[in-house]
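Worksheet: the structure to be examined is printed underneath.
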Amino acid sequence: MKMIISPAKQMVSDDEPLVRPTPIRFPAQVTELMADLKSRTPAELQELWRCSDKLARENVARVQAFDLKRVGTPAVFAYAGIQYQSLGAGVLTDRGLQNLGQRLYILSGLYGLLGAFDGILPYRLEMGTKGEIAGAKNLYQYWGARLYQALFASGDLVVNLASKEYSKAITPYLTPADRWVTVLFKQEKNGRLVQQATAAKQARGSLVRYLALENEPTLATIKAFTVGGYRYRADLSTEAEYVFVKD
Numbered sequence: 051m052k053m054i055i056s057p058a059k060q061m062v063s064d065d066e067p068l069v070r071p072t073p074i075r076f077p078a079q080v081t082e083l084m085a086d087l088k089s090r091t092p093a094e095l096q097e098l099w100r101c102s103d104k105l106a107r108e109n110v111a112r113v114q115a116f117d118l119k120r121v122g123t124p125a126v127f128a129y130a131g132i133q134y135q136s137l138g139a140g141v142l143t144d145r146g147l148q149n150l151g152q153r154l155y156i157l158s159g160l161y162g163l164l165g166a167f168d169g170i171l172p173y174r175l176e177m178g179t180k181g182e183i184a185g186a187k188n189l190y191q192y193w194g195a196r197l198y199q200a201l202f203a204s205g206d207l208v209v210n211l212a213s214k215e216y217s218k219a220i221t222p223y224l225t226p227a228d229r230w231v232t233v234l235f236k237q238e239k240n241g242r243l244v245q246q247a248t249a250a251k252q253a254r255g256s257l258v259r260y261l262a263l264e265n266e267p268t269l270a271t272i273k274a275f276t277v278g279g280y281r282y283r284a285d286l287s288t289e290a291e292y293v294f295v296k297d
């Protein structure tokens, strides 16, 4: 079983991580994309990122300092958003960390597909970034089928916990033979079931943690997940989409 999740905008660096960083899969592509960013003026970068002046200054400095020769922070520790706080990789057992390293993958606009412990440097480049980059009309076109091919090379079941922005880098290439299950976390609001962004991120992180602590997780293991008051709803689910609703 593999799990895929989205990255986070908030990032940190750790010079003494719990695990040794592993090599990234697409160094040539990262170099090409970063060369494009380095060729742009600060104003052009801010327009690409569509962010505040403060964030622009911070991330321009990151672009200028970016050097793949530097040892990065393992990805699951480098991202610091809500999902990663909920996952709590820093307080997993040794076996849990080992399982995480074997099962968790992170989709990234800059790095493409990351293993949990792949060493990365701070950056800002969302998969859904609008505008041409590195000769492509957008990052979906730039990455093409490469991420799908890398993810499904072993034929494993893939549990999709990524946002639509990021899973769109995979879904156009899925075939009927691929084992792919999307998990949705919903709650009732004004008589309707909706997926609230913050709550969904927390639940995704909790599910990743839950599955990392299982030695041989199956689809039945996923259905048994109840952390945070969520329950699997068979009446709302299909073979390709599991829906959990908060009590």
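Using our numbering, the letters of the sequence shown map in sequence onto residues 51 to 297.
Idealized CB from N, CA, C, for every residue including glycine.
Out of the options, which one is the CA nearest neighbour of residue i?
i, options, result
"residue 289", "232, 112, 265", "232"
"residue 256", "272, 244, 242", "272"
"residue 145", "239, 259, 58, 83", "259"
"residue 116", "161, 207, 171", "171"
"residue 135", "72, 62, 187, 245", "62"
"residue 217", "265, 95, 197, 282", "197"
"residue 293", "275, 243, 234, 241", "234"
"residue 279", "249, 267, 285", "249"
"residue 149", "59, 267, 58, 241", "267"
Residue i: buried (16+ other C-beta within 10 angstroms of its C-beta) or exposed?
i, result
"residue 141", "exposed"
"residue 252", "buried"
"residue 152", "exposed"
"residue 299", "In the structure as shown, the chain starts at 51 and stops at 297, and residue 299 therefore has no counterpart that could be examined."
"residue 139", "buried"
"residue 56", "buried"
"residue 239", "exposed"
"residue 158", "buried"
"residue 270", "exposed"
"residue 226", "exposed"
"residue 236", "buried"
"residue 109", "buried"
Tell me whether residue i sits in a helix, a strand or coil according to DSSP, three-state version.
i, result
"residue 132", "helix"
"residue 158", "strand"
"residue 164", "strand"
"residue 121", "coil"
"residue 251", "helix"
"residue 127", "helix"
"residue 180", "coil"
"residue 186", "strand"
"residue 138", "coil"
"residue 220", "coil"
"residue 296", "strand"
Between residue i and residue j, which are expected to be in contact by the criterion C-beta below 8 Å, what is the C-beta distance as a whole number of angstroms?
i, j, result
"residue 74", "residue 168", "5 Å"
"residue 87", "residue 95", "7 Å"
"residue 165", "residue 72", "6 Å"
Determine, for residue i, whether the minimum Cβ-Cβ distance to residues of chain C falls below 9 Å.
i, result
"residue 246", "Any reference to chain C falls outside this structure, which holds one protein chain only."
Practice task
Determine, using beta-carbon pairs with one atom in the segment 113-126 and one in the segment 199-213, whether at least three such pairs fall under 8 Å.
Solution key: Short answer: they don't touch.
Handout entry: At least 3 beta-carbon pairs within less than 8 Å: the segment 127-135 vs the segment 95-105
Key = no
Handout entry: Contact between the segment 202-222 and the segment 167-186 (3+ Cβ pairs under 8 Å)
Key = yes
Problem - Any 3 or more C-beta pairs closer than 8 Å across the segment 78-89 and the segment 183-193 - result: yes
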